[in-house]
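Undergrad:
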Amino acid sequence: MLRYIAVLFLLTGFLSCKTLPPFQPSAQAVQQMAVPRIEAMPRHPKPYVLKDWKQTALGFDRYVYDFKQKGPLLPLIWEDRAGRNFKEPTFGIYTAIGDVREGSAVNNGENHEALGALGSVLGATLVGIDKSKQDGRNYVRMLRNYFSKDNGWNVVMNFTNKGAHIGGGYGNDFWYEVYNNVLFYAVGNYYPSEEGYPEIMRTIADQFYRSDSVMANGYSYSFFDFKTMTPGKNHIPAQEDVAAGYAFILYGAYQKFGDEKYLRAARHALDVLASQKENRSYEILMAFAPYMAARLNAETGAQYDVQKFMNWTFDGDAVGREGWGVIVDNWGGYDVSGMSGSTVHNGGYGFAMNTFDLAWPLSAMLRYDQRYARAVGKWMLNAANTARLFYPDEIPDSLQALPDRKAITQKVIAYEGLIKSSIYEQHKGITPFAQGDGPLWAPGMPPETMFSVYGSGHVGIFGGLIQATNVPQILQVDCRATDMFQREKAHPTYLLFNPYLESKTVQVHLGPNPVDLYDAVSRQIIRRNASGQTQVDIPGDTARLLVLVPAGSAFSMHNGRLLAAGIPVDYRYGSGRQ
1156 MLRYIAVLFL
1166 LTGFLSCKTL
1176 PPFQPSAQAV
1186 QQMAVPRIEA
1196 MPRHPKPYVL
1206 KDWKQTALGF
1216 DRYVYDFKQK
1226 GPLLPLIWED
1236 RAGRNFKEPT
1246 FGIYTAIGDV
1256 REGSAVNNGE
1266 NHEALGALGS
1276 VLGATLVGID
1286 KSKQDGRNYV
1296 RMLRNYFSKD
1306 NGWNVVMNFT
1316 NKGAHIGGGY
1326 GNDFWYEVYN
1336 NVLFYAVGNY
1346 YPSEEGYPEI
1356 MRTIADQFYR
1366 SDSVMANGYS
1376 YSFFDFKTMT
1386 PGKNHIPAQE
1396 DVAAGYAFIL
1406 YGAYQKFGDE
1416 KYLRAARHAL
1426 DVLASQKENR
1436 SYEILMAFAP
1446 YMAARLNAET
1456 GAQYDVQKFM
1466 NWTFDGDAVG
1476 REGWGVIVDN
1486 WGGYDVSGMS
1496 GSTVHNGGYG
1506 FAMNTFDLAW
1516 PLSAMLRYDQ
1526 RYARAVGKWM
1536 LNAANTARLF
1546 YPDEIPDSLQ
1556 ALPDRKAITQ
1566 KVIAYEGLIK
1576 SSIYEQHKGI
1586 TPFAQGDGPL
1596 WAPGMPPETM
1606 FSVYGSGHVG
1616 IFGGLIQATN
1626 VPQILQVDCR
1636 ATDMFQREKA
1646 HPTYLLFNPY
1656 LESKTVQVHL
1666 GPNPVDLYDA
1676 VSRQIIRRNA
1686 SGQTQVDIPG
1696 DTARLLVLVP
1706 AGSAFSMHNG
1716 RLLAAGIPVD
1726 YRYGSGRQ
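Each number in the numbering used here corresponds to the 1-based position in the sequence shown with 1155 added.
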């Protein structure tokens, strides 16, 4: 009897350890959606140069966050000891080099914009810098001073005090308040345990929840007073696209705090934007609409029209702020497609900050809707190439406003934008032309205000997402890096777009741990048990969305999603969704 029991035990053990047949996807490949304006962009932008965006972001942080810099118009950072909102020091960085409205000696050092500070902390974080403990300072904690509790608004505002209003954007221009709260939430995503952050983020969410209820079925306002909970209109166009920012914040709050009311409000905000009959894009927030639409579709079963929001982000046919979108053109022999800004101002005017920031929601969107992998990949190629022209060391001296003063930028501070026909009379007829609006902001502005510190600080978004491969013009884009407020783990996910008509073999660095490579576009496992550096074939004019799954992971289906090791790798897999 003991012998039979032993044999049965061994046989049971053998059967339980038997290797299961490897998973073979059965759903059809995902049909790629065309975004007309991206289709019009070149597959091979010329002249092509890929700037090292990560090194640029690291260099920006070293330069701008150095209190010991010496020289005219330096340093670019100062300490603000006014104790506004929180009785502790904070910091200010210049909006533009030499901005006479700012600095330690102006208005008790309180004149400094959240847009630059938040963007630069976020950007630095994305390239691996811990801004909560850098050179003995906690810059993450100091950002709390932008949370305006002293004036009763109880949201993040563009300045630490209302008296610091400079040039608009403080309580009278909707996108400034909404986007700065989006940026604060983004920083909070990477520093979730920072002292005071959970409480501030909860308060912000409640303020946005209340204001969404007040505006009910329309966001057609120029600004919103969060103290009196009153929307208003002024000379600035109505900004309906702030609803996408609301959706991001409220859905982030739902994921972080678990309160269903935030989910309801997030969906309501996006419903209001979806109900618009015309493109109401204003500055940068429309780009968050396709991301939130795709994510809510995937995670909550919503049915938003992602294509509509993608077109509105790119088309340049906005009616509130006429022509706002993404530029598609060639100026003076330079392909300049991919820049975000005005498509009509002096023939087109693209801005550094807007272009960098567009990559944040669009790359993250692909985890939820891979139908746009080819479109986003093609846009990213063009944008990464064009954006280098914002930098004075990357564009010929004859095509920029201040070639004789560019040394002060240290190759890490860009012009505010690139324009087809300059707004300055002395530069008329030169195209393309790198410049900034700084000299027009206030009397006494030096020429160096052409150089944009606030916009350049957002470069870390490109730096944290984009890396080169062994094949020129094929980029590897991290689609998980800016996908924020995840309750569950996500497998590493990378976009690779091949602009060539023929197939190319690309080397992909996988790290030391063996993985299986699932391509969410072809819906095939294209490599098994791979590690280190491996080769991936990409057919011509095609994108792959590679999900790195631990080798040998079990695949399963749940609610129409394909899971690997219990983690979604394809939200559209069920029923062969295309």
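The beta-carbon is built from N, C-alpha and C at its ideal position, and this holds for glycine as well.
(1) Output the boundary residues of the beta strand (DSSP E) element that contains Lys1659.
(2) Taking buried to mean at least 16 other C-beta atoms within 10 Å of its own C-beta, is Pro1741 buried or exposed?
(3) Would you mind stating whether Glu1257 and Asn1313 have Cβ atoms separated by less than 7 Å?
(4) Could you name the residues of the same chain whose beta carbon sits closer than 6 Å to that of Arg1299, not counting the 5 residues immediately before and after it, in chain order?
(5) Does DSSP put Ile1629 in a helix, a strand or coil?
(6) In terms of DSSP beta bridges, what is Arg1716 paired with?
(7) From Tyr1406, Gly1456, Phe1412 and Phe1464, pick the residue whose C-alpha is nearest to that of Ala1429; which is it?
(8) Taking the CB atoms as reference points, tell me whether Ala1398 and Ala1360 lie closer together than 7 Å.
(9) Roughly how many angstroms lie between the CA atoms of Asp1552 and Gly1413, to the nearest whole one?
(10) Throw me the rounded Cβ distance for the Leu1104 and Trp1534 pair, which I believe falls under 8 Å.
(11) Could you give the C-beta distance for Gly1572 and Gly1591, rounded to a whole number, given that I count them as a contact under 8 Å?
(12) Reducing DSSP to helix, strand and coil, say where Phe1381 ends up.
(13) Is the beta carbon of Met1196 closer than 7 Å to that of Val1483?
(14) Taking the Cβ atom as the reference point for each residue, do His1431 and Glu1477 lie within a distance shorter than 7 Å?
(15) What does the alpha-carbon distance come out to for the pair Thr1510 and Val1567?
(16) Apply the 10 Å Cβ neighbour rule to Thr1280 and answer buried if 16 or more other Cβ atoms are within range, or exposed otherwise.
(17) Hey, which unbroken runs of the alpha helix (DSSP H) at 4 residues or more fall wholly within the stretch 1430-1466?
(18) Check whether the Cβ atoms of Phe1363 and Leu1405 sit closer than 7 Å, and answer yes or no.
(19) Determine which residues share a DSSP beta bridge with Tyr1649 and list them.
(20) Can you grab the Cα-Cα spacing for the pair Tyr1376 / Ala1473, in whole Å?
(21) I need the straight-line Cα distance from Lys1644 to Arg1635, nearest angstrom please.
(22) Count the other C-beta atoms from every protein chain shown that fall within 10 angstroms of the C-beta of Thr1564, then say buried if there are 16 or more, exposed otherwise.
(23) Quick test of your reading: Ile1616 and Gly1278, contact by CB under 8 Å. State the CB separation rounded to the nearest angstrom.
(24) Using the Cβ count rule (16 or more neighbours within 10 Å means buried), how would you classify Glu1657?
(25) With distances taken Cα to Cα, identify the nearest neighbour of Pro1602 among Gln1555, Pro1587, Gln1631 and Lys1575.
(26) Rounded to whole angstroms, what's the CA-CA distance from Ser1711 to Val1724? Just pull it up for me.
TA: Judging by the given coordinates:
(1) Against the sequence shown, residue 1659 aligns to sequence position 504. Its beta strand (DSSP E) spans residues Lys1659 to His1664.
(2) In the structure displayed, the chain extends from 1156 to 1733; residue 1741 sits before or after that span and is not available.
(3) As a position in the sequence shown, residue 1257 is number 102, starting the count at 1. As a position in the sequence shown, residue 1313 is number 158, starting the count at 1. No. Outside cutoff.
(4) Stepping through the sequence shown from its first residue, residue 1299 is reached at position 144. By the criterion of a C-beta distance shorter than 6 Å, Arg1299 is surrounded in its chain by Phe1241 and Gly1351, once the five residues flanking it on both sides are discounted.
(5) Taking the first residue of the sequence shown as position 1, residue 1629 is located at position 474. It is coil, neither helix nor strand.
(6) Taking the sequence shown and counting its residues from 1, one reaches residue 1716 at position 561. According to DSSP, which records beta bridges pairwise, Arg1716 is partnered with His1713.
(7) As a working note, residue 1429 is residue 274 in the sequence shown. The candidate whose alpha carbon is nearest that of Ala1429 is Phe1464.
(8) Here residue 1398 refers to the residue found at position 243 of the sequence shown. Here residue 1360 refers to the residue found at position 205 of the sequence shown. No.
(9) Taking the first residue of the sequence shown as position 1, residue 1552 is located at position 397. Taking the first residue of the sequence shown as position 1, residue 1413 is located at position 258. A straight line joining the alpha-carbon of Asp1552 with that of Gly1413 spans about 54 Å.
(10) Residue 1104 cannot be examined here, being either before or after the span of the chain that is shown, 1156 to 1733.
(11) Indexing the sequence shown from 1 puts residue 1572 at position 417. Indexing the sequence shown from 1 puts residue 1591 at position 436. The pair is a contact, with the Cβ atoms about 7 Å apart (cut-off 8 Å).
(12) Along the sequence shown, read from residue 1 onward, the residue named residue 1381 stands at position 226. Here Phe1381 sits in coil by DSSP.
(13) Taking the first residue of the sequence shown as 1, we reach residue 1483 at position 328. Taking the first residue of the sequence shown as 1, we reach residue 1196 at position 41. Yes, they are a contact pair.
(14) One-based indexing of the sequence shown puts residue 1431 at position 276. One-based indexing of the sequence shown puts residue 1477 at position 322. Note that residue 1431 is Gln in the sequence shown, not His. Contact check for Gln1431 against Glu1477 fails: the beta carbons are separated by 7 Å or more.
(15) Residue 1510 sits at position 355 when you count from the first residue of the sequence shown. Residue 1567 sits at position 412 when you count from the first residue of the sequence shown. The alpha-carbon atoms of Thr1510 and Val1567 are separated by roughly 16 Å.
(16) Looking up residue 1280 in the sequence shown gives position 125. So Thr1280 counts as buried.
(17) 1443-1455
(18) Walking along the sequence shown from the start, residue 1363 turns up at place 208. Walking along the sequence shown from the start, residue 1405 turns up at place 250. It is a contact, given that the beta carbons lie within the stated cut-off.
(19) Here residue 1649 refers to the residue found at position 494 when the sequence shown is read from its first residue. DSSP lists Asp1633 and Leu1701 as the bridge partner or partners of Tyr1649.
(20) Here residue 1376 is taken as the residue at index 221 of the sequence shown, counted from 1. Here residue 1473 is taken as the residue at index 318 of the sequence shown, counted from 1. Going by the C-alpha atoms only, they are around 16 Å apart.
(21) Walking along the sequence shown from the start, residue 1644 turns up at place 489. Walking along the sequence shown from the start, residue 1635 turns up at place 480. About 10 Å.
(22) By one-based count along the sequence shown, residue 1564 stands at place 409. It counts as buried.
(23) Translated into positions along the sequence shown, residue 1616 becomes position 461. Translated into positions along the sequence shown, residue 1278 becomes position 123. That pair is a contact at about 6 Å.
(24) The residue given as residue 1657 occupies position 502 in the sequence shown. Counting Cβ neighbours within 10 Å, Glu1657 comes out exposed, since fewer than 16 surround it.
(25) The residue given as residue 1602 occupies position 447 in the sequence shown. Distances from the alpha-carbon of Pro1602 to those of Gln1555, Pro1587, Gln1631 and Lys1575 put Gln1555 closest.
(26) Your numbering for residue 1711 matches position 556 in the sequence shown. Your numbering for residue 1724 matches position 569 in the sequence shown. So the alpha carbons of these two residues sit roughly 10 Å apart.
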